Amino acid sequence: NAGVTQTPKFRILKIGQSMTLQCAQDMNHNYMYWYRQDPGMGLKLIYYSVGAGITDKGEVPNGYNVSRSTTEDFPLRLELAAPSQTSVYFCASSYRSRDNQNSPLHFGNGTRLTVT
Amino acid sequence: ILNVEQSPQSLHVQEGDSTNFTCSFPSSNFYALHWYRWETAKSPEALFVMTLNGDEKKKGRISATLNTKEGYSYLYIKGSQPEDSATYLCAFRGSSNTGKLIFGQGTTLQVKP
Chain R
1 NAGVTQTPKF RILKIGQSMT LQCAQDMNHN YMYWYRQDPG MGLKLIYYSV GAGITDKGEV
61 PNGYNVSRST TEDFPLRLEL AAPSQTSVYF CASSYRSRDN QNSPLHFGNG TRLTVT
Chain C
1001 ILNVEQSPQS LHVQEGDSTN FTCSFPSSNF YALHWYRWET AKSPEALFVM TLNGDEKKKG
1061 RISATLNTKE GYSYLYIKGS QPEDSATYLC AFRGSSNTGK LIFGQGTTLQ VKP
């Protein structure tokens, strides 16, 4: 079991470039999340998904897009990179069912993105 | 906008000291409160998921309590050790939304040997 796998680990982008941060989980989790971590700010929710084909905005969705075509994958897309998107990005997943509504999140190792 | 606040922002204690910190969250529409431990250069790892008012959870020297009526949770560490140095995050899930888990800004604990 690899758990939650994020790629790449590091990336430097120029302003205006685009890229996709990949996230995959092999635990058959239905819920997946993207967070960004800025110093002193904890984790801010960008987007989340409660199952394949369903996504919803979090606290800071502007400048990002997501898709969830399969249960395993939840890529995060930056279309026009801006310096404000310099951050560490964490993907996470959890399993929820009618009988188990409160399982904890499992996190990936993060992607450190710098936009210059 | 959901407000999840943690205090203090940072804490320095001596090895052997006991310590505690607070997570404040909306007292209405409560569903669950999560605690995570986040060591430097690693990913956050779950400590507790708490759902009922008055809940107390314990894992080794770390314990947590929950008061949903007044909207706070305490995390206690008894006899802190240097390996307890980490950022401790709480996260709130309200019943009015299906999936959102909103984190506080964290409390960073440094335990000096």
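First to last, the protein sequences are chains R and C.
Using my numbering, you'd call the opening residue of the first sequence number 1 and step up by one each time.
Using my numbering, you'd call the opening residue of the second sequence number 1001 and step up by one each time.
Just so you know, even glycine gets a beta-carbon here, dropped at the ideal spot from N, CA and C.
Small disclaimer: the values here were computed from a predicted structure and weren't measured.
| message | I want to verify the contact list: residues of chain C whose CB lies under 9 angstroms from the CB of R/E59, in sequence order. | response | Translated into the one-based positions of the first sequence, residue 59 of chain R becomes position 59. In chain order, I1001, L1002, K1100 and I1102 make up the part of chain C whose C-beta sits under 9 angstroms from the C-beta of R/E59.
Proximal residues, the stretch 1044-1057 of chain C versus chain R, C-beta separation under 9 angstroms:
So the list reads P1044, E1045, A1046, L1047, F1048, V1049, M1050 and T1051, given in the order they occur along the chain.
I'd like the list of long-range same chain contacts for C/S1010, defined as Cβ closer than 8 angstroms, with 5 residues on each side in sequence excluded. Taking the second sequence and counting its residues from 1, one reaches residue 1010 of chain C at position 10. For C/S1010, where only same-chain residues beyond five positions count, the Cβ hits under 8 angstroms are T1107, T1108, L1109 and Q1110.
Closer than 8 angstroms, CB to CB, is R/F10 near chain C or not? Within the first sequence, residue 10 of chain R is the residue found at index 10, counting from 1. With 8 angstroms as the cut-off, R/F10 does not count as an interface residue toward chain C.
With three or more beta-carbon pairs closer than 8 angstroms as the criterion, would you say the stretch 33-40 of chain R touches the stretch 1017-1034 of chain C?
Contact fails: fewer than three Cβ-Cβ distances are below 8 angstroms.
Item to check | Same chain, Cβ closer than 8 angstroms to C/E1015, five either side skipped, listed in chain order | outcome: For the purposes of this step, residue 1015 of chain C is taken as the residue at position 15 of the second sequence. Same-chain partners within the cutoff: S1080, Q1081, P1082, V1111, K1112 and P1113.
Exercise for review: Taking only beta carbons into account, state which residues of the stretch 1005-1035 of chain C come closer than 7 angstroms to chain R, listed in chain order.
Suggested key: Residues A1032 and H1034.
task = Check whether the Cβ atoms of C/N1003 and C/G1094 lie closer than 8 angstroms to each other.
result = As a first step, residue 1003 of chain C must be located in the second sequence, where it is residue number 3. As a first step, residue 1094 of chain C must be located in the second sequence, where it is residue number 94. Their beta carbons are not under 8 angstroms apart, which means C/N1003 does not touch C/G1094 by this criterion.
Under 8 angstroms between the Cβ atoms of R/Y64 and R/L45? Your numbering for residue 64 of chain R matches position 64 in the first sequence. Your numbering for residue 45 of chain R matches position 45 in the first sequence. Their beta carbons are not under 8 angstroms apart, which means R/Y64 does not touch R/L45 by this criterion.
| Proximity to R/C23 [Cα-Cα], best of R/P104, R/Q17, R/R96 and R/R68 | Sequence index remark: in the first sequence, residue 23 of chain R carries index 23 (1-based). Among R/P104, R/Q17, R/R96 and R/R68, the Cα nearest to that of R/C23 belongs to R/R68.
| said: Give me, in chain order, the residues of the same chain whose beta-carbon lies closer than 6 angstroms to that of C/K1091; leave out the 5 immediate sequence neighbours on both sides. | reply: Looking up residue 1091 of chain C in the second sequence gives position 91. The residue asked about is misnamed: residue 1091 of chain C is Ala in this sequence, not Lys. Around C/A1091: H1034, L1101 and F1103.
- request: Throw me the rounded Cβ distance for the R/T111 and R/P8 pair, which I believe falls under 8 angstroms.
  value: Within the first sequence, numbered from 1, the residue matching residue 111 of chain R stands at position 111. Within the first sequence, numbered from 1, the residue matching residue 8 of chain R stands at position 8. The Cβ separation is near 6 angstroms, so the contact holds.
Exercise for review: Could you work out which residues of chain C lie near R/Y64, taking near to mean beta carbons separated by less than 9 angstroms?
Suggested key: The count along the first sequence starts at 1 and reaches residue 64 of chain R at position 64. Simply none; closest approach about 16 angstroms.
Kindly indicate if chain R contains any beta-carbon less than 8 angstroms away from that of C/G1106.
For the purposes of this step, residue 1106 of chain C is identified with residue 106 of the second sequence, where counting begins at 1. Residue contact with chain R for C/G1106: present (Cβ-Cβ distance below 8 angstroms to some residue of chain R).
Proximity of R/S49 and R/Y31 at Cβ, strictly below 8 angstroms: On the first sequence, residue 49 of chain R is found 49 positions in, with the first residue counted as 1. On the first sequence, residue 31 of chain R is found 31 positions in, with the first residue counted as 1. Contact: yes.
Notebook entry, point to check: Taking Cβ-Cβ distances shorter than 7 angstroms, what residues in chain C pair up with R/N109?
Noted result: Position 109 of the first sequence, counted from the first residue, corresponds to residue 109 of chain R. Correct list: S1043.
Q. When you compare only the Cα positions, how much space is there between R/G53 and C/K1057?
A. Along the first sequence, read from residue 1 onward, the residue named residue 53 of chain R stands at position 53. Along the second sequence, read from residue 1 onward, the residue named residue 1057 of chain C stands at position 57. Whole-angstrom Cα-Cα distance: 36 angstroms.
What residues are listed by DSSP as bridge partners for R/Y31? As a position in the first sequence, residue 31 of chain R is number 31, starting the count at 1. BP columns for R/Y31 point to R/S94.
Item to check | Those runs of the alpha helix (DSSP H) which lie wholly inside the stretch 1010-1079 of chain C and span at least 4 residues | outcome: Those alpha helix (DSSP H) runs which fall completely within the stretch 1010-1079 of chain C and span 4+ residues do not exist here.
What does the alpha-carbon distance come out to for the pair R/H106 and R/V115? Numbered from 1 along the first sequence, position 106 holds the residue referred to as residue 106 of chain R. Numbered from 1 along the first sequence, position 115 holds the residue referred to as residue 115 of chain R. Straight across, the Cα-Cα distance linking R/H106 with R/V115 is about 27 angstroms.
Using the Cα positions of R/P61 and R/T55, report the straight-line distance between them to the nearest angstrom. Translated into the one-based positions of the first sequence, residue 61 of chain R becomes position 61. Translated into the one-based positions of the first sequence, residue 55 of chain R becomes position 55. So the two alpha carbons sit approximately 11 angstroms from each other.
Step through the CB atoms of chain R and report whether any lies within less than 8 angstroms of the CB of C/L1089. Taking the first residue of the second sequence as position 1, residue 1089 of chain C is located at position 89. Against chain R, the CB of C/L1089 has a partner CB under 8 angstroms away; the residue lies at that interface.
Beta-carbon of R/C31 versus every beta-carbon of chain C: anything under 8 angstroms? Residue numbering aside, residue 31 of chain R sits at position 31 when the first sequence is read from its first letter. A quick correction: the sequence has Tyr, not Cys, at residue 31 of chain R. At a cut-off of 8 angstroms between beta-carbon atoms, R/Y31 makes contact with chain C.
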